[in-house]
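Shown next, in structure tokens, is the structure this report addresses.
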Amino acid sequence: MSRALQSTAVPQSAALRSFAAQWQARSADSLSPVREQAMQRFLKLGLPSLRDETWRYTDLRSLAAQSFVDAPRTTRGQIEPYAPLALLGETDRAASLLMVNGYPTLPVAEGLVNGIEIKSLREVSRLDPNTLLRFLEPLSDADQQRWALLNTALFVDGLYLKITARVPMPLIILHVATADGANNIAYPRVIIEAAPGSSATIIEHHVAQGEHAPLNNSNTHIALGQDAQLEHYRVYATGAAATHLDSLNIRQDQGSQCKQFTIVLGGGLVRTALEAHLEKPGASLDSYSLLVGHEDRHVDCVNIVTHGAPDTRSNQTARAIASDASRVIFNSKVIVNAGAVHAQSQQSCRGLLLSPTAEIDTRPQLEIHADEVKCAHGATTGRLDPDMLFYMLSRGLDRDTAQSLLVYAFLADVLTGMSVASARAAIENALISQLPDSQTLRKFR
Amino acid sequence: MLKITDLSARVAGKDILKGVNLEVRAGEVHAIMGPNGSGKSTLAQVLAGREDYEVTGGSVTFDGRDLLALPAEERARAGLFLGFQYPVEIPGVNNVYLLKAALNAKRKAAGEPEVDAYDFLNLIRQKMKFMQMSESFLTRGVNEGFSGGEKKRNEVLQMLVLEPRLAILDETDSGLDIDALKVVSAGVNSLRDPKRAVVLVTHYQRLLDYIVPDQVHVLSGGRIMKSGDRSLAQELERRGYDWVSQSQVA
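Here the protein sequences line up with chains A and B, keeping their order. If you use our numbering, the first sequence corresponds to residues 1 to 445, in order. If you use our numbering, the second sequence corresponds to residues 1001 to 1250, in order.
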């Protein structure tokens, strides 16, 4: 089949031209028609800009001048052990899968996790393309989905997980991002389908390895069947040079329950988008965001939750911390569609500024088209409470210890929601190492 | 032990303390009484090292050291303890953690090893029993959801664990019912010994029925207007604070 793009899309920037070149170099597969549409749309819409609603605080102009090439499929040398951030606790049993720049290291051992079918997206696209198409379509022109379009067009492989039973053991997907040089781009894609009545915990853990980090355009789709339960984590622990643009899409059927944690501990520029659709009655979503900015890093988190049916419930808890000259943005929107009566939603966002040059922007929004709904939102940003600080100092605690304890306490609402003890411990550990006086703090846990 | 000389302080641009003089020796219990707004709490907070309270004149020595030169945490480690009038709630920071960190900070400053976790828990349990506090205290955040009385008991519990050389208790009696007052007073009395001193800041004479002071001072308008023995408190109770300010004018 022809790989040439229609003339309607004339790439305007070096970045767009390089994406078009990647497209032309891809071999055709069963998904080509939808991929082509996605590519055309992306090229037509272009990179998101500050004029786009969900990109008001994140300037990507520096990307436009770069020409991107595919990141390698394997790491050079051994995979580093990532001991300090490994989410595999000593005591909790967990299974893990490795992906390098989105390429899974399959085949996995048969029965790695009882109750979860694990396949590569390549395999699924060959044997059962319709399953994949259910997740790739419909394409969206919404600006929060812009990078998802590009991912749909250009991902080569990825993971498909089908949860078919109640699975007690957490599954960890370790995403390693690595680059041959500057201007690499990776398109990790994960699809998680939870069959009716199933339950599982899946942790996506993003780390980077090596001198260069690729531009990481990752995408995860989750579909929960009736009464399915899923606890999903996405954890970002990459270096200061890394740019990560992640999209997460969740669709929930009747009575399903999703607990989602977005934990940003690292990365130079991390943008996370969550789009959740509570499509059937009784679906409920608890979303927790823990956003930590330090040095001159930039963290931009966008959540858009749509209540599409009666008796749906969503709860968003975000805690943002910004120190040094970092900037953290939390943008959340709850939409209650017409007919979604008795929907309940809560948005609680609190920001903590630890330096005069740091910035936190929060924008909780509500868009309600139905009657008899219960929606609340609140956002506050401030500094450490001087009364609390003085109380602790007056008991003889070091200033660093006192401040760290207060920061830690500030995050407690998110941490206590985690039901995987080892994940919580690892995330706490990683958080603590970023706080002053981490040695003392460790003893408190 | 504590010598306050001509101390003046300002809070939010307003002069509150206007030349306070006071000397407290080891083994003594002093009561500082006075009407609302007289500067009692300001004095307590200034002594504990609150940064936004600006000292505009005078000096304070504690065991011969210049107290005002030390940051709050070092004052605490040197053996000064402030029992707050309004103890702050710190959700997410566990009571026991805070207390253990406080004790270890003090021990470290004294060149002693950290307290053993097991011994520490025993110590806390013993003191909690003495203060008639419920077990749930162990798992709760600092003062989180405590009633007024529980907060005050917690202040005294902290004092008993930290064993300060000098305890300044800022209206620790306010908001307590008679049973709680007895428990709190027993806590303070258990700390009395020839090497320590206590300064009670209080509005009412009632507390002094349970903790008998060696000296009573009346603070009014940012100065100590009158000092005397225990009978001064009883006289104040009969005649009211107006009596002090009027007798000054006269």
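C-beta: ideal position from N, C-alpha, C; glycine also.
*So N216 (chain A) and A153 (chain A) are in contact, right, with Cβ under 8 Å, and what is the actual spacing, rounded?*
Between A153 (chain A) and N216 (chain A) the Cβ distance is about 16 Å, and since that is not below 8 Å, they are no contact.
_Reduced DSSP category for D300 (chain A) - H, G, I as helix; E, B as strand; rest coil_ = D300 (chain A) falls in the strand class under three-state DSSP.
*Give a yes or no on whether the minimum CB-CB distance between R73 (chain A) and chain B is below 8 Å.*
By this cut-off, R73 (chain A) is not an interface position.
*Residues bridged to N114 (chain A) by DSSP?*
According to DSSP, N114 (chain A) bridges with nothing at all.
_For a contact defined as C-beta to C-beta under 8 Å, what are the partners of F410 (chain A) on chain B?_
Neighbours of F410 (chain A) on chain B, chain order: G1092.
*asked:* Just verifying my parser: in three-state terms, what is the DSSP assignment at R445 (chain A)?
replied: Note on R445 (chain A): pLDDT 49, under 50, position unreliable in the model; the coordinate value appears next. In the three-state reduction of the DSSP assignment, R445 (chain A) falls in the coil class.
*Let me know the beta strand (DSSP E) ranges lying completely inside the stretch 1106–1194 of chain B, each 3 residues or longer, listed in chain order.*
Complete beta strand (DSSP E) runs here, min 3: 1166–1170.
*Tell me where the alpha helix (DSSP H) around S62 (chain A) begins and ends.*
DSSP places S62 (chain A) inside the alpha helix (DSSP H), whose first and last residues are 61–64.
*Starting from the C-beta of F68 (chain A), find all residues in its chain whose C-beta is less than 8 Å away, skip the five residues before and the five after it, and write them out in chain order.*
The answer, listed in chain order, is A15, S18, F19, Q22, N183, N184, I185, L215.
*Can you list, in chain order, the residues of the stretch 384–395 of chain A whose Cβ is nearer than 9 Å to any Cβ on chain B?*
Correct list: D385, P386, D387, M388, F390, Y391, M392, L393, S394, R395.
*asked:* Please confirm whether V1183 (chain B) has its beta-carbon closer than 8 Å to some beta-carbon of chain A.
replied: No, V1183 (chain B) lies away from the interface with chain A (no Cβ there is under 8 Å from its Cβ).
*Could you have a look at Q254 (chain A) and say whether DSSP puts it in helix, strand or coil?*
Three-state DSSP puts Q254 (chain A) in coil, outside helix and strand.
*Closest Cβ-Cβ distance between L150 (chain A) and chain B: below 8 Å?*
It does not; no Cβ of chain B falls within 8 Å.
*Return the bridge partner residues of Q260 (chain A) from the DSSP annotation.*
Its beta-bridge partners are A:H232, A:S287.
*Would the stretch 1135–1145 of chain B and the stretch 1087–1099 of chain B be scored as touching if the rule is three or more Cβ pairs under 8 Å?*
Cβ pair count under 8 Å is three or more, so yes.
*Pick helix, strand or coil for A1233 (chain B), following the three-state DSSP scheme.*
For A1233 (chain B), the secondary structure class from DSSP, reduced to helix, strand or coil, is helix.
*Who are the neighbours of A1048 (chain B) on chain A, taking C-beta pairs under 7 Å?*
One finds S394 in chain A with Cβ atoms closer than 7 Å to the Cβ of A1048 (chain B), taken in chain order.
*Ignore the nearest five residues each way along the sequence and tell me which others in G1221 (chain B)'s own chain have a CB closer than 8 Å to its CB.*
Cβ neighbours of G1221 (chain B) beyond the five flanking positions: K1018, S1038, G1039, S1245.
*Since I173 (chain A) contacts I202 (chain A) with CB under 8 Å, what's their CB separation in whole angstroms?*
With a contact defined as Cβ atoms closer than 8 Å, I173 (chain A) and I202 (chain A) qualify at about 7 Å.
*asked:* Can you tell me whether Q403 (chain A) is helix, strand or coil according to DSSP?
replied: Look at Q403 (chain A) here: in three-state DSSP terms it is helix.
*Same chain only: Cβ atoms within 6 Å of P104 (chain A), ignoring 5 sequence neighbours per side*: The residues are S120, L159.
*Residues, ordered as in the chain, of the stretch 1158–1176 of chain B that lie near chain A by beta-carbon distance below 9 Å*: Within the stretch 1158–1176 of chain B, contact with chain A at the beta-carbon level (separation under 9 Å) is assigned to Q1158, L1162.
*Give the C-beta separation of V1055 (chain B) and L1068 (chain B) to the nearest angstrom, bearing in mind that I take them to be a contact with Cβ-Cβ under 8 Å.*
Yes, V1055 (chain B) and L1068 (chain B) are in contact; Cβ-Cβ is about 6 Å, under 8 Å.
*Kindly list the residues whose CB is nearer than 6 Å to the CB of V305 (chain A), restricted to its own chain and excluding five residues on each side of it in sequence; keep chain order.*
A276, S314, V334, listed in sequence order.
*For A165 (chain A), which of helix, strand or coil comes out of DSSP?*
Three-state result, A165 (chain A): coil.
*Please name the residue, chosen from A:V328, A:A309, A:F410, A:Q144, that lies closest to N337 (chain A) on a Cα-to-Cα basis.*
A check of alpha carbon separations from N337 (chain A) across A:V328, A:A309, A:F410, A:Q144 identifies A:A309 as the nearest.
*Contact residues within the stretch 165–180 of chain A, judged by C-beta distance below 8 Å to chain B*: Within the stretch 165–180 of chain A, no residue has its Cβ closer than 8 Å to any Cβ of chain B.
_Restricting to Cα atoms, I'd like to know which of B:R1165, B:V1029, B:Q1085 is closest to Y1210 (chain B)._
With distances taken between Cα atoms, Y1210 (chain B) lies closest to B:V1029.
_Where N446 (chain A) falls: helix, strand or coil (DSSP)_ = One cannot answer for residue 446 (chain A) here, as it falls past the ends of chain A, which runs 1 to 445.
*Check whether the stretch 266–280 of chain A touches the stretch 291–300 of chain A, taking contact to mean three or more Cβ pairs, one atom from each stretch, closer than 8 Å.*
Segments in contact, yes.
*Are the Cβ atoms of G115 (chain A) and R61 (chain A) separated by less than 8 Å?*
When the beta-carbon positions are compared, G115 (chain A) and R61 (chain A) stay at least 8 Å from each other.
*Roughly how far, in whole angstroms, is the beta-carbon of S1059 (chain B) from the beta-carbon of D1052 (chain B), given that I think they are within contact range, below 8 Å?*
Actually they are not in contact, since the Cβ atoms of S1059 (chain B) and D1052 (chain B) sit about 20 Å apart, beyond 8 Å.
*Does T401 (chain A) come within less than 8 Å of chain B when only Cβ atoms are used?*
T401 (chain A) counts as touching chain B.
*Inspect the beta-carbon positions of S332 (chain A) and P364 (chain A) and report whether they are closer than 8 Å.*
Yes; because the gap between Cβ atoms is below 8 Å, this pair is in contact.
*Identify the contact partners of R1077 (chain B) in chain A, using a Cβ-Cβ distance below 7 Å as the criterion.*
Per Cβ cutoff of 7 Å: G396.
*Spatially closest choice to V156 (chain A) from A:L43, A:S125, A:G181, A:K162, by CA coordinates*: For V156 (chain A), the nearest C-alpha among the options comes from A:S125.
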